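Heads up: the structure comes next, in structure tokens.
Residue numbers (our numbering): 12 to 120.
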């Protein structure tokens, strides 16, 4: 029986919940080409740096990450996948609005 379920994938990260208790969840980095998951949550990183990695499986996810409250894991997933620069927004095909120029143009009108 599957222990973990990948709920959402975005920007190289996966939001994963525990099937038996969906209130428990985690976030891992995922590379489908290599078939691996990597530790992403700050407290899951090795003390001496680097990252844990394992296969995309229950065993791999359990190896690289602990479980957290669903709310905390969801917040971290949003944080990890949020666009942070103008180029990030453009890469996602989102319209970038220069509010300073917009306000200035309205003032000039």
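By construction, the Cβ of each residue, glycine as well, lies at the ideal position given by its N, Cα and C atoms. Keep in mind that this is a model prediction, so the values were computed, not measured.
What does a CB cutoff of less than 7 angstroms around residue i pick up in its chain, not counting 5 residues either side in sequence?
i, result
"residue 20", "41"
"residue 87", "38 and 52"
Which first and last residues belong to the alpha helix (DSSP H) in which residue i is found?
i, result
"residue 84", "81–92"
Can you look up residue i in the DSSP assignment and give me helix, strand or coil?
i, result
"residue 71", "helix"
"residue 135", "Residue 135 falls outside the range modelled here, since the chain spans only 12 to 120, and no answer is possible."
Tell me residue i's beta-bridge partners as DSSP assigns them.
i, result
"residue 47", "42 and 66"
Could you check how far apart the C-beta atoms of residue i and residue j are, in whole angstroms? I think they sit under 8 angstroms.
i, j, result
"residue 52", "residue 24", "That belief does not hold up - the Cβ atoms of residue 52 and residue 24 are roughly 10 angstroms apart, past 8 angstroms."
"residue 27", "residue 43", "Going by Cβ atoms, the distance from residue 27 to residue 43 rounds to 14 angstroms, so no, they are not a contact pair."
"residue 14", "residue 30", "6 angstroms"
Given residue i, which residues of its chain have a CB within under 6 angstroms of its CB, disregarding the five upstream and five downstream residues?
i, result
"residue 81", "34 and 36"
Note the first and the last residue of the continuous beta strand (DSSP E) segment covering residue i.
i, result
"residue 17", "15–21"
"residue 78", "Per DSSP, residue 78 belongs to no beta strand (DSSP E) and is neither H nor E."
"residue 27", "24–29"
Apart from the five residues just before and just after residue i, which ones in its own chain have a Cβ nearer than 8 angstroms to its Cβ?
i, result
"residue 22", "91 and 92"
Check the Cβ-Cβ distances between residue i and every residue of chain E, and say whether any is below 8 angstroms.
i, result
"residue 59", "The question asks about chain E, but that chain is absent: this structure has only one protein chain."
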